[in-house]
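There are 2 protein chains.
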Amino acid sequence: MLMDMLKVLDCCTPLAREPLGEEKSTTLARVFKALGDPVRLRIVSIVASHQGGEACVCDLTASFDLAQPTISHHLKVLKDVGLLTSERRASWVYYRIVPERLAELSALLAAPVEVGK
Amino acid sequence: MLMDMLKVLDCCTPLAREPLGEEKSTTLARVFKALGDPVRLRIVSIVASHQGGEACVCDLTASFDLAQPTISHHLKVLKDVGLLTSERRASWVYYRIVPERLAELSALLAAPVEVGK
DNA sequence: TCAACATATCCATGAGCATCAATATTTACG
DNA sequence: CGTAAATATTGATGCTCATGGATATGTTGA
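Respectively, the protein sequence lines represent chains P and F. The opening residue of the first sequence carries number 1 in our numbering; numbering runs sequentially from there. The opening residue of the second sequence carries number 1 in our numbering; numbering runs sequentially from there.
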């Protein structure tokens, strides 16, 4: 089902090109909703800008004044919509962003810049 | 005016550049949350792709199986975060997107997919 | 095997939100 | 004026969700 979502997001013509279908808007809205939380947005930016392109959960819990289960919950949300991946190494779990997913959203929101007008 | 646009685009360094501040992440999350609803996402795409770059509320209510107050509510949400503007002409209210806003988000999500490393 | 640490899951709770019916506001037109 | 149409606001309701405490799972080292 993750594959299905990836396939749906695969195309991503700009928003201004044509109205979004019902299913596609539902799938995309799930991703935007995941980004629609201050903590999750900061998590994404922290992971994305972290050296090596990855950060362990310990890095994140140290960056917020939130309980560890809360951070874990947000990471799961971001992972479920395909914005993050995780890999366990030793005792630690490292998260990294999925650049394609960000690029898809970026392309979708690419505004129709009226160059000549 | 080109300068204005460049300035707007310049304000948003990509997510991967540096961690978002607390206030900035809160402000941005509000915008993403507004996009994090299937109906609102479709509204944005309908307005953005509509001829003339604008659509009246009647166009939108006709596109959904939702009550008129619900559409009105979603429009208010999108307007409050600066994604839409509205203008009343005669009996109708026309909504159009704010391209700078979309460009801002697009730039923010621009991922360094193949930049070195 | 045991203890300490890192992370995830479960469960409960309070806040926020999408929806709609009823109503208000605005505009157009006799 | 008065009526109809377009849109916004209000109030209520059921559902979703962010948060944290308790607990479970997994890993390391002794």
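Glycine residues also receive a C-beta, built at the ideal position from the N, C-alpha and C atoms.
Could you compute how far the alpha carbon of H73(F) sits from the alpha carbon of W92(P)? Counting from 1 along the second sequence, the entry for residue 73(F) is found at position 73. Counting from 1 along the first sequence, the entry for residue 92(P) is found at position 92. For H73(F) and W92(P), the distance between alpha carbons rounds to 44 Å.
Helix, strand or coil for V115(P) per DSSP? As a position in the first sequence, residue 115(P) is number 115, starting the count at 1. Here the model assigns V115(P) a pLDDT of 43, short of 50, so the residue's position is not dependable, and the following value carries that caveat. Residue state, collapsed to three classes: coil.
Just mark E104(F) as buried or exposed, buried being the case when its beta carbon has 16 or more other beta carbons within 10 Å. Numbered from its first residue, the second sequence carries residue 104(F) at position 104. With 16 or more Cβ atoms within 10 Å of its Cβ, E104(F) is classed as buried.
Using CA coordinates, which residue listed in P19(P), K79(P), L109(P), R89(P) is at the minimum distance from S63(F)? Here residue 63(F) refers to the residue found at position 63 of the second sequence. Here the closest residue by C-alpha is P19(P).
Alpha carbon of E87(F) to alpha carbon of H50(P), nearest angstrom: Along the second sequence, one-based indexing puts residue 87(F) at 87. Along the first sequence, one-based indexing puts residue 50(P) at 50. Rounded to whole angstroms, E87(F) to H50(P) spans 44 Å at the Cα level.
Please report the straight-line C-alpha distance between K76(P) and Y94(F), rounded to a whole angstrom. Locating residue 76(P) in the first sequence gives position 76, counting from the first residue. Locating residue 94(F) in the second sequence gives position 94, counting from the first residue. If I take the Cα positions, the gap works out to 40 Å.
Supposed contact pair L35(P) and V44(P) - C-beta distance, whole angstroms, cut 8 Å: The residue given as residue 44(P) occupies position 44 in the first sequence. The residue given as residue 35(P) occupies position 35 in the first sequence. Indeed they touch by this definition, with Cβ atoms about 7 Å apart.
Boundaries (first-last residue) of the alpha helix (DSSP H) holding L108(P): Position 108 of the first sequence holds residue 108(P). Taken as a continuous stretch (DSSP letters only), the alpha helix (DSSP H) holding L108(P) covers 99 to 109.
Span of the beta strand (DSSP E), counted from its first residue to its last, around E87(F): For the purposes of this step, residue 87(F) is taken as residue 87 along the second sequence, with counting starting at 1. That run of the beta strand (DSSP E) goes 84 to 89.
Inter-residue Cα distance where the pair is L102(F) and A90(P): Here residue 102(F) refers to the residue found at position 102 when the second sequence is read from its first residue. Here residue 90(P) refers to the residue found at position 90 when the first sequence is read from its first residue. Going by the C-alpha atoms only, they are around 41 Å apart.
Say whether chain F places a C-beta atom closer than 8 Å to the C-beta of A110(P). Residue mapping note: residue 110(P) aligns to position 110 of the first sequence, counting from 1. It does; some Cβ of chain F falls within 8 Å.
C56(F), buried or exposed, once every other Cβ within 10 Å from all chains shown has been counted against 16: For the purposes of this step, residue 56(F) is identified with residue 56 of the second sequence, where counting begins at 1. By the Cβ-count criterion, C56(F) is buried, with 16 or more other Cβ atoms from all chains shown falling within 10 Å of its own Cβ.
By the 10 Å Cβ neighbour count, where 16 or more other Cβ atoms means buried, how is A67(P) classified, buried or exposed? In the first sequence, the residue the question calls residue 67(P) occupies position 67. Taking every protein chain shown into account, the CB of A67(P) has fewer than 16 other CB atoms within 10 angstroms, so this residue is exposed.
Contact list for the segment 15 to 44 of chain F against chain P, Cβ threshold 7 Å: L15, A16, R17, E18, P19, L20, S25, T26, L28, A29, F32, K33, L35, G36, D37, P38, L41, R42, V44
Does the Cβ-Cβ distance between L41(P) and L28(F) come in under 8 Å? Mapped onto the first sequence, residue 41(P) falls at position 41. Mapped onto the second sequence, residue 28(F) falls at position 28. Yes, the Cβ-Cβ distance between L41(P) and L28(F) is below 8 Å.
Measuring only the C-alpha atoms, how far is V39(P) from T61(F)? Locating residue 39(P) in the first sequence gives position 39, where the first residue counts as 1. Locating residue 61(F) in the second sequence gives position 61, where the first residue counts as 1. Those two C-alpha atoms are separated by around 34 Å.
I46(P) versus chain F: which residues are under 7 Å apart at the beta carbon? Position 46 of the first sequence, counted from the first residue, corresponds to residue 46(P). Those are P19, listed as they occur along chain F.
8 Å contact criterion, which L108(F) and P14(F) should meet: CB distance rounded: What you label residue 108(F) is simply residue 108 of the second sequence in a count that begins at 1. What you label residue 14(F) is simply residue 14 of the second sequence in a count that begins at 1. About 6 Å separates the two Cβ atoms, so the contact holds.
Which of the three DSSP states, helix, strand or coil, is assigned to V93(P)? Here residue 93(P) refers to the residue found at position 93 when the first sequence is read from its first residue. In the structure shown, the three-state DSSP call for V93(P) is strand.
Closest residue to E22(P) among D65(F), E22(F), E100(F) (Cα-Cα distance): Start at 1 with the first residue of the first sequence, and residue 22(P) comes out as number 22. Checked all of D65(F), E22(F), E100(F); the closest Cα to E22(P) is D65(F).
Test: S86(P) CB closer than 8 Å to a CB of chain F: Position 86 of the first sequence, counted from the start, is the residue given in the question as residue 86(P). By this cut-off, S86(P) is not an interface position.
Cβ of V98(P) within 8 Å of Cβ of V31(P)? Here the question's residue 98(P) lines up with position 98 in the first sequence. Here the question's residue 31(P) lines up with position 31 in the first sequence. Against a cut-off of 8 Å, the Cβ pair of V31(P) and V98(P) comes out as no contact.
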